[in-house]
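Asks:
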Amino acid sequence: MKELKNMKDIVALCNGLYTQYEDILTLIEMGYEEEDEEMVAEIRGELDEFIRVFEDLRISTLLSGE
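Each step along the sequence shown adds one to the number in the numbering used here, with nothing skipped, and position 45 is 1512.
1) Under DSSP, the alpha helix (DSSP H) around MET1420 begins and ends at which residues?
2) Suppose you measure from the CA of ALA1428 to the CA of PHE1521; what does that come to, to the nearest Å?
3) Determine contact between the segment 1483-1501 and the segment 1513-1528, defined as no fewer than three beta-carbon pairs at a distance below 8 Å.
4) Just how far apart, CA to CA, sit LEU1530 and THR1486?
5) Run through DSSP, which three-state label would GLU1505 get?
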């Protein structure tokens, strides 16, 4: 049961990363369309958070052998 919960947590995290990825792409498209340089900081912040979570997941997966 514990392993199943861990796997469900990983799947939920992956789904969240995918949603965040799509949101970042949308922000980039909006920035280009509106030619709004002020969105760069917001996009950078979202991207930094995405990378942090992704790397945490990647490292935990490598260490667990899954």
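All residues carry an ideal CB built from backbone N, CA and C; glycine is no exception.
Replies: Quick answer:
1) Because the chain here runs from 1468 to 1533, residue 1420 falls outside it and cannot be looked at.
2) What is shown of the chain runs 1468 to 1533, which leaves residue 1428 out entirely.
3) Cβ pair count under 8 Å is three or more, so yes.
4) Approximately 25 Å between the Cα atoms of the pair.
5) In the structure shown, GLU1505 sits in coil (DSSP, three-state: anything other than H, G, I, E or B).
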